[in-house]
Structure formats: C-alpha cells, structure tokens
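The listed protein sequences correspond, in order, to chains R, H, L and S.
For the record, in the first sequence the residue sitting at position 52 is 52 according to the UniProt record's numbering, with numbers rising by one throughout.
For the record, in the second sequence the residue sitting at position 83 is 83 according to the UniProt record's numbering, with numbers rising by one throughout.
For the record, in the third sequence the residue sitting at position 448 is 448 according to the UniProt record's numbering, with numbers rising by one throughout.
For the record, in the fourth sequence the residue sitting at position 21 is 21 according to the UniProt record's numbering, with numbers rising by one throughout.
Cβ atoms here follow ideal geometry from the backbone N, Cα and C, with glycine treated the same way.
These notes are about the structure you will find just below.
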Amino acid sequence: MEGVFNYAPAIAVFPLVAFVVALAFGNYLPKKGAIPGIIATGGSLLLSALMLAAVASGEVYHETLYEWAIGDATSATDVTGIEFTFGILIDPLAALMLVIVSLVAFLVHVFSLGYMNAEGETGLPRYYAGLGLFTFSMLAFVYADNLLMAFMFFELVGLCSFLLIGFWFRTKSAPSAAKKAFLVTRFGDYFFLVGVVAIAATFGTLQFAGDDSFVAAAQTAIDDGTTLFGFDAQTWVTITGLLVLGGVLGKSAQFPFHTWLPDAMEGPTTVSALIHAATMVAAGVYLVARMFGYYALSPTALAIIAFVGGFTALFAATMGVVKDDIKQVLAYSTISQYGYMMLGLGVGGYVAGVFHLMNHAFFKALLFLGAGSVIVLMHHEQDMWKMGGLKEKAPVTYWTFLAGALALAGIIPFSGFWSKDEILYDAFIVGLEEPIILAAYAMGLVAVFFTGFYTFRMVFLTFHGEPRSDAAEDPHPIGWSIKAPLIVLGVLAVVAGAANLAPVYKLTGLEFTFLESWLDGEYGAIEGVTYGAYAELAHYDSGFIGTEETTVLIAAGLSLLLAFSGAGAAWKLYNVPEPVVYRDRLGRIGDVVEANYYQDEYQVWLAEGLTLPLSRAADRFDQTAIDGAVDGVSTASLFGSDRMKRLQTGIVTNYAALIVTGFIVLLLVLGYAGGWFI
Amino acid sequence: MTVAIEYYVLLSMALFCIGLFGILTRRNALMFLMSVELMLNAANINLIAFAFYHGNLTGQVFGLFVMALAAAEVAVGLGIILVLYRNFRDVDVTVPTTMRW
Amino acid sequence: MVLVELPEWAALAPMLLLAGTALALFVIDSISPRSTNRTILAGTATAGSLAALAVAVWFTAAGVGAPGMDGFGVIELFDGQLIVDQMALYFMIVVAVVTALVSVASYDYMEGHAYQAEYYSLVMLAATGMATMAAANSLVTIFIALELASLPSYALVSILKDNRGSVEAGLKYFLVGALSSAIFVYGISLVYGATGFLQLDAIAVELEALAAGDGGDFGGLLGLGILMLIGGFAFKTASVPFHFWAPEAYEGAPAPISAFLSSASKAAGFVIAFRVFTTAFPLDVTTELIGVDWTVAFVILAVVTMTVGNFAAATQDNVKRMLAYSSIGHAGYALIGLAGLGAGSETVMGAAMMHLLVYGFMNTGAFLFVGLAEHWGVGRTFEDYNGLAKQAPIACAALAVFMFSLAGIPPFGGFFSKYFLFTGAIEAGLLVVAAALVVNSALSLYYYARLVKAVWIDDPVVERDSLSQPTGLYAAIVFAAVMTVVLLPGFGPVVDTALDAAAVVVA
Amino acid sequence: MMIEALIGVALIGALVTFLAPNRIAGKLAFAISLIPAALSLWMFATFDGSGNALLGGELAFESQAEWIQFGAYAISWFVGLDGISLPLVVLTTILVSLAIVSSWTPIDDRESQFYGLVLFIEANLIGVFVALDFFLWFIFWEAVLIPMYLLIGIWGGPRRKYAAIKFFVYTNVASLLMFGAFIALVFGLGDAVTSFALPEITAAMLDGGPDGFFGVGGTTLMSAVFVAMFIGFAVKVPVVPFHTWLPDAHVEAPTPASVLLAGILLKMGTYALLRFNFTMFPTDVIEPFVVPIAVIAVISVIYGAMLALAQTDLKRIVAYSSVSSMGYVILGLIAFTQFGVGGATFQMVSHGLISGLMFMAVGVIYNATHTRMVTDMSGMADRMPVAVGILIAGAFGYMGLPLMSGFAAEYFIFFGAFGSEFLEYAPIFTALAMFGIVVVAGYLLFAMQRAVFGPYNLETDYDVRRAPLHDVAPMFVLLGLIIALGVAPDLIFEMITDAVDPILEGGEL
C-alpha cells in the first residue's frame, strides 16, 4: 500500500486541472465544465479512499515535496535557518477529512448538474472553475503538513468562497455578501497570519508533526522555562495560539465573526452546501484539531475555545429560530453546530469534535442539498411560509431531508446524536470541575433545545401542512442528479454515527469506538499527533456524578430530553395544516433576535460608521494639511517672486538710484569690515 | 608749490558725486549723458594727478584713451537718443517703461 | 610644430580673425551698400567666427599658453598689455562659438531688415572686443576692450529702430552702461592712484611691495577702487546690483543679440574679472592692505544675484524676460568661481569657466529658440508658446534640452557644471553659497519646467498654421542642443582644459 | 558590454521612435522594446554574480571606464549587476514592453513622441539599477524624471499640468537634498575615497566612516546625511508625509505612465534606500533612527490604506495603496534581517508587477467607460468579463493572496520584521503594519463591489464592449508572472538573499 502515497498530490491536483479546464474551455464543453469537475473530484474521492485504506493498513505519509523559500533566520528558540515548504501529511485525521471533503465535493458537483445546468444558469464555466479551485484549495489545506501551507490554502479557500458567493454578481446583494464574507474572514486571518509569523519567528519551524514540529518545540520551551519575546513560554504559546484562533473563528463563523455566514447564503445553494456548511467552514475547526497538540499546551486557550464554542452554539441557535428563509435557518444552524465542535475541542474532546465535524459534514451537506432541491421544487422560492405540503410531492427529498433533520436535532440514533452527545458529555465532566466550562456546557445544552425547535419548525413548514403558494402546489420536477446525492448523504446521516458509539462503550463495554481508535493511532499515526498524546498534554480534571455510567446517562438523557422537547414544541406549533406566525408574541426579545442581536449593525457601523468617516477625515487632512503644506511652499515662493520682480520698475532713473544704493550698501559692508572709515 | 595729492582726489570725488547726482535727478537723456561725462572726467583728474604723483606717464596716456572712448560713447549715446525721440517723441529717460517687472 | 615658426603676435589670431571679419564686412558693405545678400553677410560672419573658433581650438590643443614641457608657455604681447594663455584661448572659444551660432541664426532672424551689413559687422566688432577682453592684461586694455564690446552692443540692442522695445532696451542698456563704465574708470583711477601701475602683474608686484613695507596710506582708496572695479564687472556680467539693464535689454533686443549678450558678453565679463582678481590683487596681500577679503564681496554678490535672478524669473509671463532673469541667476552661479577663490584652489574657478562654456550653448540655444518664435511671429508670452511642439517637435525638443540643462538636471551638460560649482563652493567652505545654489536650483526647476510645459503640454490658445523651418535658426538651435547633450558624456576634456587654464592663472 | 547594449538599444530606439511616423510608432516601439527584454532575460538566465555589488560581491556583466576627473574624486562609467538589481532590471524591461502594448488603445495623439519617451525612460530606469558610480546613478536617476514629466503632462488627464509640475519639482527637490547630503558625505570621507564608485565609498563608510566635515564630527555628519538621504528617497518611495505628489501624478498620468510610475519609479526610491541608507551606513548610525523609521513605515501602511479607503477614483485607490505597500518595504528594510530586506526587495518586484497589472486593468476599463469613478459605474463584469476578471485577480494579488507574489513578499517581510533584533518592539510594529492586509481588502473589495459587480450601469453612456486582445494580453503576462513568483519565489528570492546577506554581515562590522 505504501506506493499509493506517491499519488497523494494528485488528490489536490485533479480539481486544479478541472479548474483550469473549466475556466479556459468551459464554454466549449458539453456541460460547461461540469464533466471535468465530476471526473476530477471523483478521482480525488477514489484516491482519498485509497489513502484512508492505506492509513487503515497502518501507514502514514509525511513528506516535504517542495521548498517554497528557505533562508537564514535565527528563531527566538535559537533554531538557525528556516524552511518554508509545501508538504503532505496524511495521518488518520487528514485521511478522514480528505474523504469527507472529496466526497461532498463530488456529490455537490453531481448535484450541480441538476441544480445549475438544468436551470439554465449562465456563467457556468466560472461556477465550475470556482468549485474546482475550491476543492483543490480545500484538499491541499487538509493535508498540508505545516502551518504556512495551511494558511495559504486557508486563504485561497476564502477567495473561492468570495467568488462563489458572488456568483450572481449582477444582483446587488450577492457581491455585498461576498465582500462581507471575505472581509470578516480576512479580519480573522489577520490574526492567523500574525500567529503564523509569530510561531515561525519563535520556533523556526511550522511543521505540524514530527520531532521538528512547532508543537514539540513549544513543549520543549515550556519545559525549559524559556522566555520568548518577553513572555514566559506558556503565555507566549497561549498568545500565538489565540492569534491563530482568530483565523479559526473567522472561517468557522464563530462569535463575533459569524455575521458573514448567513449573508453567504446569497450564493448558489450548492455552494452553501459544499463551502459554507460541509467543508470550508469546517476548515477552522479542522485547523484546531490539526494543531491540537499546540492548544493542548495552553489551558487558557482551550478554555477560550470552549467558551466561545458554547456561546456561539446557543447564540446562533436562538437566531435560527426566527428565520423564515430555509437557507438562513440552515446557516444559523451551521454556526451553532460549529460552536459545538469548538466546545468539544476546547474541553479536550478531540475525538468528539472531529466526530461531530464528520457527521455534520454529511448531514449539513444533506440538508443544504435538500434545501437546494426544495428551492428547485419551489421555482427558486426560499421563504418557508410559501411552502408546505411538499412531503407527498417530493418523497425522496422529504425523507432524506428528514434524516438530516433528525441528525441535526440530535435525535437518537441518528448520527448527530452520537457526536453531539459525546461533546456535551465531555464538556459536562470537565465542567463539573471548571466553572467556566460548566457555563459553556450549559449554553451548549440549552442550544440543543433550540436546535430541535428550529430544525423541526423548518421541516414542518416546508414539507407538512397545506401548500401555501402556487409553486408549492405544482413543484418543478427534479432529476436523478439531485436525488442521487441526497440518497447517498441521507444514508450517511443515518449511519455515520456508528463510527463512534462512545456511550455504548461506556455503558456496555462494547468496542464501538472506531473513530477514537482511528484517531488514537491504533491503525497508524504519526507520533505526537494522536488523541492519546493530546490527552496527556491537556490536563483537564474531570468529575462524575456518581459513576461514569450514571454521568453518561444523565448527560445523554438531558440532551435527548431537550432535543425532543424542542422538536415537540415545533410539532405543536407548526405541524398543522395552516401554521401561523408567532413572532409577535416574543415582543422585544423577538425584535432583538430577529435583528440578529444587532451584530451586523455594529459591524457595519465599525466599517461604515467609524472606519469610513475616519478615512474621509484622513483624506481631508491629507488634502489640506499635508498637501497644503506642499502647495504652501510653492505659493510662498511665487509670492516672493512676485515681490522680487517689482524691483524692476522700468524707470531707468530708479535703476541708477538702486545701483548706487546697492553699491553703497556693499561699500558700507566691506568698508566696515575693512576698517576704511576709521 | 605742489598741491597735495589729497586735494586732487577730493576734487575728483566731488566731481564724481556731482555727476552721480545729475544722473539720479535729471530726466533728460542729454543731461544724463553730460553727467556721465562729468564722472568720466573726475576719473581723468585722478589719473592725471596720480600720474604726476607717481611720476609715470601711464595715467596721462590712459586719460587720453578715456577721453576718446567718452567721445565714442557719446556718439553712440546720441544715436540712441535720436531713435528714442523718434519712437517716444521725448528724450525723458523715465518715459520708456513698456518693459518692467 | 608649425606654431613655433609663427611670430608671437600670431597667438592673437582668433581675435585678429574676428576683427578682420568685421573689416571684411565693412568692405562688402562699401562695395555693395545696402546689401541685403544675407548669404554673403551671414556667411562671412559665420566663416570668420568659425575660423576664429578653429584657430582657438587648435591653439588650445597644441598647447599654446600652457606652461610646462609640451606647452609653448604663456605668451605676453606689447609689454604685457595683452596676454595669451589657456584662459584667454578658452574664453575666445566661448566667444567664437556663441558668435558663430548667433551669426548663423541671424541669417533667418534678420531677414528683411535694413542695415544687415552693419548688423553683422557690429556683431563681429563686439566679438572682437570680447575676445580682446579675454586676452587683456592691463586695466587700460581691459577698459578699451570692454568699451569695444559695449559700444557695438548698445547699437545692436537698439538696431530695430522702429521697435519701441528695442529702442527702450538700447537706451536703458546704454544709460546703465555709461554709468557703470564711469564708475569702472573711476575705480581704475583709484587703483592707479594707490599703486601707480595699470598693468596687472605690475599692480600685484607693487601691492606686495606695499604690503611688505608700511602698507601705504591708500588702503581705503585701493579698497574703494577695487569695489568700483567690481561694479564694472558686475555690469558686464549682469550681476546685482548692476543687473537692472539686463531684463529690459534682453527682452527688447533682437533675440540673437540677447543670446549674444547673455552668453558671450557675460563670459567676457567674467574673464576680465577672473584675470584682474587673480593676477592683480593676490588675495593675501590685498587683504592685508585693504583689511578685508575681497571674496566676501563676491560671496554677497553671488548669493544675492542668484536669488534675485531666480526669484524674479519664477513668475514672468514673457519668455524672453524669464530667460533674462535666469541669465542673471546664472551670473550668480558663475560668481561662485570668484567667491570660492578664498580657499586658494583653482577648481572652483575652473568650474565657473566650465559653466560659462556650457552656458554658452544652452543659453544661446534658448534665446535662439525665442528668436525662432519671433521669426514665426507666435508671440512673446508663455501662453503664446503653448503647444508649439505639435508643429515643431524638433526645435521644441531642443528647447526642452536647454531648459533642463539650465535647470541643472541630468542628463545634460548643465548638470555637471552646476555640480562642479556646488562642490567648489563646498570645498571652499562656502556652505551658505552652496545652500543658496541648491535652493535656487530648486526654484529654477519650476520656471524652466513651465516653459517646457507650455510648448509640450499646453494646448494652443489660438489655432496656428504650420510653422516654417528656417534653416539657419534650426541649424544653430539643433547644434546647440546637440552640444548641450554631448557635453555630458564628453565633459572630460572640458574639465581638463578649464582646470588647467584656471590653475595657471590662480598660481 | 551587455548592459551597454541594453541601455544603448533603448536609447537609440527612443530616438528612432521619436522620429518615426505616428502610425507605426506603437508597433515599432514594442518591437524595439523586445530586444532589451530578451537581453535582460538572457542575462537573468546566465547570471553568474554573487554577493552584494557594494560589498565586494562578484558582479555580473560588469564594465568600467574612466570618465571625468574633477577635484579629488573621479567619476566613471561603472555598471554591473548583482542579485538585487538584476530582478529589477528584468522587471523594468518586461514592464516597459507590456506598458507599450497597453498604450496602443489609449494613446491616439503624438504617438511617436509618446513611445520615444517611454523607451527613453526605459534606458534611464535600467541605468538607475545598474549604475555603480554615484554620478552615473544620479544622472540616470534624474533623467527618469524628464520623460515622466512629459508623459504625465502631455498625455495625462484634466489636471495633468498641476500634477506633472508637482511631481517634477517635488521629486527633484528631494533629489537635490539627497544629492547635497551625499556629496557632503563624500567630502567628509576625504582621502579615504578617490572616486564616486559606490563600492569604494561603501568600504570607506564601513571602515570608520568620515572624520568630519566643517567642524561637524564624523558620526554627526553620518547621522545628518542618513536623515537627509532618507528624506530624499522617502519622497520618491513615497513615504507619508511626503506622498502627496503620488496620487495626483497617478491619477492624471496616462495608463502606461501610471504602470511605469507605480511599477518601477517607486522602486527606485526603495532600491536607493536599500543601496545607500541601509548598505552604506554602519548599523550604529542607523540605530537611533530605527524606531522612528518603523513608525513612519507603519503610518505609511495604515494611513495610506485609510486614504485609499476614502477614494472613489479607481486610480486614486491604487495610488494610495501603493503608498501603503511601500510602507511594507520600509518596514522590511529597517528590520535588517535576511527575510526583511530580502522580502522588501522581493516586494519591490512583486508590487511592480501587481500595481502594473492593476493600473492596466483600470486603464482598460477607463478606455471603455471614460470614467474611473466607482460611483459612475457598476456591473462592469457584465460587459468586460475578461478585463474585470483580471482586475479581480490583480486586486487579490494586491491583498496578498497566497500563491501570488504579493503574499510571498509580504510574508517574507512580516516574518523578517517580526523576529528582528535590530528593531525594538518588532513584533508590535509588525503586527500593526500587518493590519494593512485587512484594510487593503476592505477598500479594494468595496471598490470592486461598487464598480464591477451589481447590475450593469454606466453614467457616461459609452458603448462598452469587450477589450481587444492587445489590451488584455499584457495583463495575462503579468498575471502569469505574479503567480509564478507566488508559487516559486525562489526564482528570484535566492538571488536576492545572496546579495542581501553581505549587507547584514557588513552591518555587523
């Protein structure tokens, strides 16, 4: 199996080729670039699966392939010389993620045939090129073996997101959303880049894994008690870790950088599925997982991750409750779900976080594609209040969507339940010792209720009841290219949870924890980047209520209870033939939530109310003060010149007088100096 | 009896200043020319007096040159004053002020 | 070498050739009075000045006036009344070049004028006077040569007898000139009184004797005399405060004459100043006698002159007047050559000499362009010049070369000479002067660039028909421009010549 | 003789083009400009120099000839290339060729003069980068201004006259200051040097420096000269607060002139800073100014970006962003590390390519719309997909998108600056300057959103069509180069660091 890794670069290169082909020749191709995209992502999927198999057979791949730039620079830890390279790191985590990404990408490409081509969109080569470039960047990001390479593709992913959100650039809203998405994530990436630079300057390496990784170097520095940039090593690791976290918060749309994601729904739904739900947004969380060893060195950073995650989970979930647009609901649910993952990682639940990442990728891609299907059905209507009654008319869409919804809501035994429950459990046991984690846990727990509520509100409004518009009465037919991906994902949403049935293991001792073993390197891994290694680094105290079993039961019971009550509330309110709007009953709170807690307002104010006037003031200052000084010099000179030339009166007698005066002045000066008058 | 050299110098200086005064106050071009002549002659007085004082003839010879050149200068000057009159109908030197500043 | 066999007076050949040409022109005039055969007249004048130029260059190359092994030594004539050394030849070259350019350009400029023969012969006479100034070595010959140069100049300035500007210019030039020459002669008489000699070397010897003795009673008298001499030079070089004639004279005179006066006449004024102050008034003994370093006077004059010239030039509307003021500014730059002599190094004077040579090309060229514009009849102000480049790109390219060179911007000859003046000033410790040079250069950029802007950038105010291409003017302008450009890479020989010449005089 | 050929071809080409008929001038100039481009690429391929030109490195294509001996110091023709100057020469030749092609559409008046001047400017720009004698360098340095003055003045926009003369006088005054300071320095060195050859002067400077001059001590003199030269070059770069000529010049200049102005002329300033201020002066002279210069750099970055944010004229936006980008270069230089200085040099090349691309793209849009105001247009992507596509690519390059050269440059600078031991509080300065990458994204994206996206609308009522091939082809070339350098910075970075290393070692003497 070893030789298979030689083909690893092709995983990313295939989509890149598809990008070039689509961009250059897309207009001349039968499906405007879809075919190369499908072939390329299919190829990537196949290769990724091979990688997965190779890793499963106990092999890993960590190879530097290309030297980007090398130079001499002495780091703060006295490492001389630095190499910025491109390399590939395929370990269990990366292999898993590669499969997820290429699978979703492949399915989305297929789905696009029905969603974009069949709908007669223009500019399709651009669309497929964007998808290709995105897939390339994302895959390269996933198996990047160092932080710089990760950053670079992280940024490229952002570019693709910009391009695809703004696909319908002739509208006003799409370009605006694209800009916002890029800007907000860019703001986060600013911190990320500072972090990259800081880590490089500190440890002289940016490798994720191996002996010469910055994680190992940081651990050494902490152990040696080195002072770095005027801080003790621990603090410095926290600072740099948090800087990198800035990028994570931006990409994964965590509070306070979450505002771009709902707007990003302006893009085609397929794009939302691929980028803004399943993969790119996952990049942030993936990055935390990728360099978990580093965060594990800093309890402060972990606590912040956990708290932000928990807060975001609740915060976004409440906003999801009041949305009318099906994609908006999904957008807020995405934010919320990534909050869970952050929470999981923050409390040291590495496996739980990755597990949820995987499950979420499947079920959220499913939901988005389902929503896309609904939108096709509804002739591009997205307001749920105009839907209803689609259940009978589109059974495939309905049942797959329902599977996804159940997973999202965390209803046992769908996949979402297992991973979310594991996260909450991990948070719970740590929270019993750490008040701040407990708070984060509590927020995550409350969010479960809202999740259940908004999920089923969405399902009921869309599929149940009576059709509330002409479009809903007579939906547009959908083809196989839409149905097939839904079915694949639907199945995954149902069964993916089986990868790690941690509660089952804890209660019964049955070894249903494949993912944990996988990530712990039982099949093959690189030393130091396994769950086991992380668990040693991150020393969280954890407590139990009674025994471990009771704690598991309490935690699972609590979350299930809340999920069911949320779903039930939705059932009660919306599973009626003619649902009504309950917004008004929420009063002021409703207004605030409806307005997304004024998050957009203050961020827009920051940009347009503060920065823009500030820049205008700077411009005025520049024009008047600085440029005025420049022009002033010239004005003064010309004024002087004007005075000077008035000496020349034109009257020759004056000249004679002036000559004599000048001569006498000269005479006096020299005579005085020479003592002629004494 | 010889007159001390200082007196010649004072005389010539006085003459020079008179000429200068004339230049500064007279507006008639001819008067202007005459004043210049006065100044040149002031120089001549000096030259001759010093030639005598130093006992060489250089100064006296140069005085002759100066006179000759003064004559030439006047000739050119008169020509210019003539065309001045033709163009401006006046020999007032303060009248032509078409070019200034 | 052939030269050895020539009699000593042959060293004056350039000057004699110019004088001969003047006489030849008179002959032509008397054979065919009122002749307007421009080809013969301008041709004779050009040929004469070119011959003078050729001889002067040949002499320089052959080493006439150069002391040492290869040279023929400094040739003194008529008991030292005239002297032919490298400096004399150098300035004869400058004068001859400018005369040649002016003669060629006048071929077109004077088209249709009466008194052409007189015009050319006056030019040649004035040139003779200037060449004589270069060789004059006694206050007598200096004064005579000066007048020989001045008197034809007065006539030349006012030669457009029906043009009020020309007449007014002539009048002002003449009146200020008369006043200045009176002051100058009086200065000579005082110097004579203090020393008893008029020959420059003899004055120096006498001064040394006086300084070695009791110092004499004439310190103040001598000082006043020297100051008055400075006045005379200042007039000739258009330096403050004797510059008042210049703007009007240059503006009113026919453009070739303006070129002639502002380049050749100025250079001639400088050569006598250089010679008198280096030969007759050695710095140390003179300082001892009059109690003050005469370079101080030149420092003041240099700074004031360049400042007045450049500032007044900056806001002119009339192109010729702007050039006139710029010419005053350049006189200020060249004065650094004298102001910096205090350091006892010849380099600064050499730099001034180089500047005057380059200036001979660039300034002459600039005035000739004005002549061309007058020939076209486009008007006199900057606005009138607007957009000329569209019709006459080559002449305007040349103008741009002149302007940028005058401003001292690379890659033209003016840059080097200005730089050498700058270093000279610094070497001599005249930081104030160096600073003034920089400030004024900066200001001058503005108005020089403004003229380039007018012809190249601005759109014409009125529609113009296509413009003629007068051969003579074009030839002169293009030649001047080419020389201005070539003098950048080819500055080496000029540097060597000028420095050698200066070294001999200063030593 | 290669360098002479390079300059000579451009000079003769300039003359030939100047005299050629307008009709063929554009094509002719392009054909001629290909010769230096090919030559320089050949030189790039066969480059065999090593080390720094001023610090005794092995020069490539060196040639030397006596010129003028005045006073104690000889002036000579002395040219040669090292790893810093060669990339800039190649940049120049390529950018000029492309700029000529991009002029075919917009320039429709007095073409032969226009292209003649462009070739003339090329000769001088090459000269600036190859000259190793101060005088020779200064001549080229100044000679660049004249054609640029005319290019802006004749073919520029409505306020071209003001802009041209401001550019001309402002930069010239700065040059005078710098020139005077340098001459004072050389005089201060006294007998230690016998010529204006920069390597000789550098050696003397690092070997004790001047004794003093006019009663001013050696150290004081060096400090004063350092400051004066810094200001002189800062105007050229330009650095806040000496930047105000730049937006005017850029906005009014015709597209190709903007390309050259931003692409190469600004690099002259930073190149000179590197060559003079940061190579010649011993570190203890620079030391007191490190923090002030870093402050200026950070202000340039942020303030420049803020100004760009306030603009609605596309060209003005790019112009101010140049101020911002040049701030990075200053930061990299003052960091005094291999990556800092090397990155700064890399940024010179990179920014040359990117800003050239941006100006071309804006120019193509302007050709079609006759307006550059973002408020006057929207949805241009609808009508000019290719040109707008490249504009977007260029904008992202400007924002420092990875795998494009801008990112490599900025990353090198940031990395080099962050760990600088020379600069106090380096991490803070770096982090502050890095915030520029957010603001740059802000103003470029705002402008994009308004001008090229959204429903199609144009206030000027011109019929907008797709740009012709010869308008977009140069941009493709630039884009290709930008990506090539972004993917493989070592194409030139290796060469640059080789020449930069001696500076850092020399500084530690």
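Per-residue contacts from residue i into chain R (C-beta, under 7 Å)
i	result
Asp-382 of chain S	Arg-170
Gly-220 of chain L	Trp-676
Ile-23 of chain H	Ala-656
Same chain, Cβ closer than 6 Å to residue i, neighbours up to 5 away in sequence not counted
i	result
Leu-406 of chain R	Phe-414
residue 510 of chain S	With chain S covering 1 to 509 only, the question about residue 510 of chain S has no answer from this structure.
Asp-29 of chain L	Ala-117
Pro-87 of chain S	Val-349, Ile-492
Status (buried if at least 16 other CB within 10 Å, exposed otherwise) for residue i
i	result
Ser-173 of chain R	exposed
Val-374 of chain R	buried
Leu-6 of chain L	exposed
Leu-229 of chain L	buried
Asn-457 of chain S	exposed
Trp-480 of chain R	exposed
Gly-419 of chain S	buried
Glu-206 of chain L	buried
Glu-66 of chain S	exposed
Cys-396 of chain L	buried
Interface residues of chain S facing residue i [CB-CB closer than 7 Å]
i	result
Val-438 of chain L	Leu-176, Gly-180
Chain-ordered chain H contacts of residue i [CB-CB under 9 Å]
i	result
Thr-649 of chain R	Thr-97, Arg-100, Trp-101
Endpoints, the alpha helix (DSSP H) within which residue i is located
i	result
Thr-219 of chain S	218-236
Ala-68 of chain H	58-88
Gly-492 of chain L	491-506
Thr-550 of chain R	548-574
His-330 of chain L	319-339
His-360 of chain R	350-377
Spatial neighbours of residue i in its chain, beta-carbon cut-off 7 Å, leaving aside the 5 residues before and after
i	result
Leu-335 of chain L	Ser-239, Phe-298, Leu-301, Ala-302, Thr-305
Phe-135 of chain S	Ile-75, Phe-196
Range covered by the beta strand (DSSP E) that runs through residue i
i	result
Leu-155 of chain S	Leu is not the amino acid found at residue 155 of chain S; the sequence shown has Trp there. Trp-155 of chain S -> not in any beta strand (DSSP E); alpha helix (DSSP H) instead, spanning 145-155.
Leu-89 of chain R	82-90
Leu-82 of chain L	82-84
Gly-80 of chain S	73-81
#### Entry: Contact list for the stretch 7-21 of chain R against chain S, Cβ threshold 7 Å
none
### Query
Taking any Cβ of chain S, which residues in the stretch 493-504 of chain L have a Cβ under 7 Å from it, in chain order?
Val-495
### Task
Report the residues of the stretch 46-71 of chain R with a CB closer than 9 Å to any CB of chain S, ordered along the chain.
Tyr-66, Glu-67, Trp-68, Ala-69, Ile-70, Gly-71
### Query
Taking Cβ-Cβ distances below 9 Å as the criterion, which residues of the stretch 25-43 of chain H are in contact with chain L?
Ala-29, Phe-32, Leu-33, Ser-35, Val-36, Glu-37, Leu-38, Met-39, Leu-40, Ala-42, Ala-43
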